[in-house]
Amino acid sequence: MANPRISIVILGYNRKDDIREVLNQLRRQSFTDFETIVVDNHSTDGSPEMIEKEFKKVQLLRLPQNKGIASYNQGFSRAKGEIIVVLNNDSYPAFNALEKIVNAFSHDASLGIIQGKIININSNEIFYPAGKEADSQEVMEWHDFVVAGAAIRKKVLEKVGYFPNSVFLFGAEHDLGLRAVAAGYSIKYFPQIEFYHIYQPAYLPSI
813 MANPRISIVI LGYNRKDDIR EVLNQLRRQS FTDFETIVVD NHSTDGSPEM IEKEFKKVQL
873 LRLPQNKGIA SYNQGFSRAK GEIIVVLNND SYPAFNALEK IVNAFSHDAS LGIIQGKIIN
933 INSNEIFYPA GKEADSQEVM EWHDFVVAGA AIRKKVLEKV GYFPNSVFLF GAEHDLGLRA
993 VAAGYSIKYF PQIEFYHIYQ PAYLPSI
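For any residue, its number in the numbering used here is found by taking its place in the sequence shown, counting from 1, and adding 812.
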């Protein structure tokens, strides 16, 4: 695909069954003008081999070591889409989420980052956001985003930079969000744009 509208960038690390489910769900999207890039953080559970065998259209970047959330940067630099949808290896967009993302960006030139509602696929409870905002049905100015269900204009990344290489996990999204807002872009939470999270309570993310 020469010029896809969306690039989906997924970071994978030792979650073979979950990332298989994520990639299968992407095959069922109502919006199809996208490319999929998986950045593998040196998995040892057969994840990259499975992707190469079962998902031949996926662009797989196999890294020689685990550099945490900063490894997303490898996918960001490869992405050709004007919109980048950021997923974990255990999250995926609802059937019509991608078209809603395109529509939201098309109607607001200052919108830089979209945060979607993330739903626990096992319990159907809202995983993110927490608190009173979880019940809101209104689009809201937001303060942050999480990589399990967000979308970023590519030109925002080109202007403010990617995730800091010095951060392995926590705080990287907040850092990028602050730079985007400082550059004049908004971050908004869209409760109608839904993502699903294959939540495992015993799993400690080590990406």
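From the three backbone atoms N, C-alpha and C, an ideal C-beta is built for every residue, glycine too.
Quick caveat, the model's predicted, so the values are computed rather than measured.
Within its chain, find whatever has a CB closer than 8 Å to the CB of residue i; leave out the 5 residues flanking it on each side and keep chain order.
i, result
"residue 933", "1008, 1009, 1010, 1011"
"residue 873", "849, 850, 851, 852, 886, 887, 890"
"residue 989", "925, 955, 956, 957, 999"
"residue 864", "872"
Here's the rule: buried if 16 or more other CB atoms are within 10 angstroms of the residue's CB, otherwise exposed. What is residue i?
i, result
"residue 819", "buried"
"residue 967", "exposed"
"residue 936", "exposed"
"residue 855", "buried"
"residue 949", "exposed"
"residue 841", "buried"
"residue 877", "exposed"
"residue 847", "buried"
"residue 960", "buried"
"residue 944", "exposed"
What distance in whole Å lies between the Cβ atoms of residue j and residue i, which are believed to be in contact at a cut-off of 8 Å?
i, j, result
"residue 880", "residue 980", "4 Å"
"residue 851", "residue 875", "7 Å"
"residue 904", "residue 834", "5 Å"
"residue 929", "residue 1006", "5 Å"
"residue 1000", "residue 951", "6 Å"
On a Cα-Cα basis, can you pick out the residue from the options that is closest to residue i?
i, options, result
"residue 958", "823, 877, 977, 871", "823"
"residue 858", "828, 952, 999", "828"
"residue 884", "991, 899, 892, 893", "899"
"residue 902", "845, 836, 846, 878", "836"
"residue 974", "996, 987, 982", "987"
"residue 817", "997, 838, 845", "845"
"residue 838", "862, 882, 908", "908"
Can you tell me whether residue i is helix, strand or coil according to DSSP?
i, result
"residue 900", "strand"
"residue 825", "coil"
"residue 914", "helix"
"residue 1001", "strand"
"residue 1009", "strand"
So, at 6 Å on beta carbons, what are the nonlocal neighbours of residue i in its own chain, with the 5 sequence-adjacent residues on each side left out?
i, result
"residue 843", "910, 911"
For residue i, which residues of its own chain have a beta-carbon under 7 Å away from its beta-carbon, when the five flanking residues on both sides are left out?
i, result
"residue 917", "895, 923, 965"
"residue 1014", "Legend: pLDDT at residue 1014 = 49, less than 50; position of this residue unreliable, value from coordinates given subsequently. For residue 1014, where only same-chain residues beyond five positions count, there are no Cβ hits under 7 Å."
"residue 860", "852, 872, 874"
"residue 946", "938"
Would you say the beta carbon of residue i comes nearer than 6 Å to a heavy atom of the ligand MG?
i, result
"residue 975", "Absence of the ligand MG is noted for the structure shown, with no ligands found whatsoever."
Looking at the C-beta of residue i, does it have a partner C-beta in chain D at a distance below 7 Å?
i, result
"residue 944", "You won't find chain D in this structure, because it holds only one protein chain."
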